[in-house]
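J.: I have a structure here, written as structure tokens, and I will follow up with some questions on it.
Numbering (UniProt numbering), first residue to last: 1 to 153.
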């Protein structure tokens, strides 16, 4: 059996424990494969306004952007601390589902997407619109690595 080799690894981060674990696993996969790691934080645009009326202020948007950039800086610092340099961080405004499953894999020629397991076992979520993880599993044009949280073994 031929060994699977990944050249471009994608992981989305949002500051949660699940995304932190997915990030660390994605970094391990990238290191083992001598691959390029693309780390993305996606700010969902639908949260910026409701029916044409702003739901958050310009100050809030600036703070959200600064928080997002800080999260990505922490990812870069962790990679540097563990001596991994083939990393790129990006901030995207849009749909987390479409960005992770369709747009970014195409743009960066992604071979594997690492995502946290959050939401996959939530029956209500699966029966309604579905979570980001579920959507990525169904729509991604590449392999998807599901990363379980430490508390779930």
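No residue lacks a Cβ here, since even glycine has one placed at the ideal position from N, Cα and C.
Take the Cβ of residue 18 as the centre, count every other Cβ of all protein chains shown within 10 Å, and call the residue buried at 16 or more, exposed below.
T.: On the chain shown, residue 18 is found 18 positions in, with the first residue counted as 1. Buried, since its Cβ has 16 or more Cβ neighbours within 10 Å.
J.: According to DSSP, simplified to helix, strand and coil, what is residue 144?
T.: Numbered from 1 along the chain shown, position 144 holds the residue referred to as residue 144. If DSSP states are grouped into helix, strand and coil, residue 144 belongs with the strands.
J.: Do the stretch 4–12 and the stretch 31–39 meet, that is, are 3 or more Cβ pairs less than 8 Å apart?
T.: Segments in contact, yes.
J.: If we ignore side chains and look at the alpha-carbon of each, how far apart do residue 112 and residue 67 end up?
T.: Within the chain shown, residue 112 is the residue found at index 112, counting from 1. Within the chain shown, residue 67 is the residue found at index 67, counting from 1. If I take the Cα positions, the gap works out to 26 Å.
J.: Considering only the alpha carbon of each residue, which of 22, 38 and 88 lies closest to residue 149?
T.: For this step, residue 149 is matched to residue 149 along the chain shown. Here the closest residue by C-alpha is 22.
J.: Could you check whether the Cβ of residue 140 sits closer than 8 Å to any heavy atom belonging to the ligand ATP?
T.: Only the bare structure without any ligand can be found here, which leaves the ligand ATP out of the picture.
J.: According to the Cβ coordinates, are residue 43 and residue 12 closer than 9 Å?
T.: Within the chain shown, residue 43 is the residue found at index 43, counting from 1. Within the chain shown, residue 12 is the residue found at index 12, counting from 1. In this structure, residue 12 does not lie closer than 9 Å to residue 43 by Cβ.
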